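Using the UniProt record's numbering, the first residue of the sequence shown is number 1, and each one after it goes up by one.
For each residue, glycine too, the CB sits at the ideal point set by N, CA and C.
All values reported here derive from a predicted model rather than from experimental measurement.
Single-structure report; data block below.
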Amino acid sequence: MPDGSNIIGRGVYPVATAAKLLRMPSARIRSWVYGNGSSPVLISDLPPEDGQDALSFINLIEVLFLSELRGYGISLQSIRAMIEKARKLMGTEHPFAIRQFHTDGKAIWIETAEDTGDRRLVDLTDGNGAMLEVLERSFRKSVSFDQLTGTASQWRPSADQPRVILDPARRFGRPIDGGTGIPTEVLADALRAEGGDVARVAKLWEVPTDAVEQAAEFELWINRRMAA
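Here's what the structure looks like:
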């Protein structure tokens, strides 16, 4: 795993952890970020160390968006064409993780649809681009961008637990209660240790009761997904 000097402010997520957070198979993440007999779609932001691959927060957000595109039926070939075009025009290796692509990148979508003829991509950009707007709004609803750099800075992985965030500048990007900065795993473990007494844990840790409840719900949710 990358050492501390490599991950400060960048977050670090071993592939197994990323799979749990993103609710998708580890093999798919490895294929997109590291390649699996073919060229990867994305560019890894962290060098592998000790034989373990890991994603940065930026990679995590890229995979999140790539997954949404695939969910709309857009081919990997079209996604590759889109991201290459965006890299050249926007001057970054990680366009899927910057605000500009998600607010001002409609021309890239349209040009890619014209170049590839991908039916699903054409449908997204056809007419007034209403479907494209729905996709982009859905993505931006959970991701926040830094006001100065325009780079993804926070992610709320579950709409049901809005207090829970991932922020690479806090706790190395692990899931935390956004209001207090306490890792969700810590609050969930404390709740188990106190026999499910939410009020007692809230008092011991000096946090609101909904911070404890949402942390526990989130940890149960991601671990249940992982087991499934």
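Asked	Found
Buried or exposed by the 16-neighbour rule on C-beta atoms within 10 Å, applied to T149	exposed
Assigned secondary structure, Y13 (DSSP; H/G/I helix, E/B strand, else coil)	strand
Cβ shell of E111 (< 8 Å), same chain only, five flanking positions each side left out	K85
Meets three-Cβ-pair contact criterion under 8 Å: the stretch 94 to 105 and the stretch 44 to 63	yes
Residue 230: first and last residue of the uninterrupted alpha helix (DSSP H) it sits in	The structure shown does not extend to residue 230, since the chain spans only 1 to 228, so no value can be given for it.
Cβ-Cβ distance between F218 and T180 below 8 Å	no
Element boundaries [alpha helix (DSSP H), containing S44]	Element bounds for S44: n/a, residue is neither H nor E.
Exposure of Q147, with buried meaning 16 or more beta-carbon neighbours within 10 Å	exposed
Own chain partners of D45 with C-beta closer than 6 Å, once the 5 adjacent residues on each side are dropped	S56, I58, N59
Backbone CA spacing between R200 and Q214 [nearest angstrom]	15 Å
Minimum C-alpha distance to S26 - residue among G37, A54, I79, G11	A54
Endpoints, the beta strand (DSSP E) within which A152 is located	152 to 155
Same chain, Cβ closer than 7 Å to Q161, neighbours up to 5 away in sequence not counted	Q214, E217, F218
Among P47, V207, R119, nearest to G11 - alpha-carbon criterion	P47
Other residues of its chain near D123: CB distance less than 8 Å, five sequence neighbours each side excluded	M131
In chain order, each alpha helix (DSSP H) run of at least 4 residues that lies wholly inside the stretch 102 to 140	106 to 116, 119 to 125
Euclidean distance between Cα positions of A193 and A19	27 Å
Own chain residues within Cβ distance below 6 Å of R174, not counting five before or after	P183
Whole-Å CB distance - A188 paired with L204, under 8 Å assumed	Going by Cβ atoms, the distance from A188 to L204 rounds to 14 Å, so no, they are not a contact pair.
Among M24, S67, P168, R23, the one whose alpha carbon lies nearest that of V41	S67
Alpha-carbon to alpha-carbon, L21 and E133	25 Å
Alpha-carbon to alpha-carbon, S153 and V39	Inspection of the sequence shows that residue 39 is occupied by Ser rather than by Val. Going by the C-alpha atoms only, they are around 27 Å apart.
Reduced DSSP secondary structure (H/G/I, E/B, other) of I176	strand
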